[in-house]
């Protein structure tokens, strides 16, 4: 059974702080790891990571994957209140037509 | 920008009733999924669907659940006889490349 553990479960920071969210996983036939942001309803796509050690960046967000240690981190620099959300990570396997198995998420609250 | 659309946004039903949740995936996508999120819990995989058949289903997806792609655009999730514990947000997702695109969800409340 695929397993995903995210930490911390929740986090409260002040605007301008930098945060690091962690995701460790165990999955059979790993293909890639995906990060999503869930504000009110639908998860919205942030990153897909396939190769170890290659950082992906989008504005103040960045993410990296370590396939040997089976984890990924998501960094957010200079946080803003609009970053408040639940951040989900999920490995995508080659089976099941590449379903994504999500962790419980990290709930980030950014206060002014 | 193309998007996955789901209807209804909210449905309230009595226990034991049948419900059908509808999804229109992004038009050139070939892989379709249903996920469920019980309030305050994680997003859980239910089923994946490709080429008009189920490719994988989770333990949650028992005989009460079924999926169908009745025409070229819709993708439906049917729950035959709803239980209280079926109350959740149901997300449809579709994929062409690597990432899944999610709809806004259908909130099902079973009384």
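Protein chains in written order, with our numbering: chain A, 1 to 112; chain B, 113 to 223.
Cβ atoms here follow ideal geometry from the backbone N, Cα and C, with glycine treated the same way.
List, in chain order, every chain B residue whose beta-carbon is nearer than 8 Å to that of residue i.
| i | result |
| --- | --- |
| residue 5 (chain A) | Correct list: empty, because the minimum Cβ distance to chain B is about 11 Å. |
| residue 18 (chain A) | Within 8 Å Cβ-Cβ: nothing; residue 18 (chain A) doesn't reach chain B, min ~25 Å. |
Assuming residue i and residue j make a contact with CB atoms under 8 Å, what is their CB distance in whole Å?
| i | j | result |
| --- | --- | --- |
| residue 193 (chain B) | residue 128 (chain B) | 5 Å |
| residue 218 (chain B) | residue 118 (chain B) | 5 Å |
Does the beta-carbon of residue i have 16 or more other beta-carbons within 10 angstroms, so that it is buried, or is it exposed?
| i | result |
| --- | --- |
| residue 40 (chain A) | exposed |
| residue 85 (chain A) | buried |
| residue 60 (chain A) | exposed |
| residue 198 (chain B) | buried |
| residue 99 (chain A) | buried |
| residue 159 (chain B) | buried |
From which residue to which residue does the beta strand (DSSP E) around residue i run?
| i | result |
| --- | --- |
| residue 127 (chain B) | Where residue 127 (chain B) is concerned, there is no enclosing beta strand (DSSP E), given that its DSSP letter is neither H nor E. |
| residue 203 (chain B) | 200 to 207 |
| residue 225 (chain B) | With chain B covering only 113 through 223, there is no way to say anything about residue 225 (chain B). |
| residue 192 (chain B) | Segment: none, residue 192 (chain B) is in no beta strand (DSSP E) and carries neither H nor E. |
| residue 180 (chain B) | 177 to 180 |
| residue 221 (chain B) | 218 to 222 |
I want to verify the contact list: residues of chain A whose CB lies under 7 Å from the CB of residue i, in sequence order.
| i | result |
| --- | --- |
| residue 214 (chain B) | 42, 43 |
| residue 177 (chain B) | Near residue 177 (chain B) there are no residues of chain A at all, since even the closest Cβ is about 15 Å away, more than 7 Å. |
Report the neighbours of residue i on chain B: residues whose CB is nearer than 7 Å to its CB, in chain order.
| i | result |
| --- | --- |
| residue 59 (chain A) | By Cβ distance, chain B contributes nothing, its closest Cβ being about 17 Å from residue 59 (chain A), past 7 Å. |
| residue 71 (chain A) | What residue 71 (chain A) touches in chain B: nothing, since even the nearest Cβ is about 18 Å away. |
| residue 88 (chain A) | 155 |
| residue 102 (chain A) | 154, 155 |
What does residue i pair with, by DSSP beta-bridge criteria?
| i | result |
| --- | --- |
| residue 90 (chain A) | A:34 |
| residue 98 (chain A) | For residue 98 (chain A), which the question treats as bridged, DSSP gives no partner whatsoever. |
| residue 57 (chain A) | A:62 |
| residue 72 (chain A) | A:23, A:65 |
| residue 52 (chain A) | Looking at the DSSP assignment, residue 52 (chain A) forms no beta bridge with any residue, so it has no partner. |
| residue 166 (chain B) | B:161 |
| residue 85 (chain A) | A:108 |
Starting from the beta carbon of residue i, find every residue of chain B whose beta carbon is closer than 9 Å, and list them in chain order.
| i | result |
| --- | --- |
| residue 105 (chain A) | 154, 155 |
Applying a beta-carbon distance threshold of less than 8 Å, which residues of chain A neighbour residue i?
| i | result |
| --- | --- |
| residue 211 (chain B) | 34, 45, 48 |
| residue 173 (chain B) | Result: empty, since nearest Cβ-Cβ is about 12 Å, beyond 8 Å. |
So which residues of chain E does residue i contact, with C-beta pairs closer than 8 Å?
| i | result |
| --- | --- |
| residue 99 (chain A) | Given the protein chain composition of this structure (A and B), no chain E is represented. |
Can you list the residues of chain A that residue i reaches, using a CB-CB cut of under 9 Å?
| i | result |
| --- | --- |
| residue 217 (chain B) | 41, 42 |
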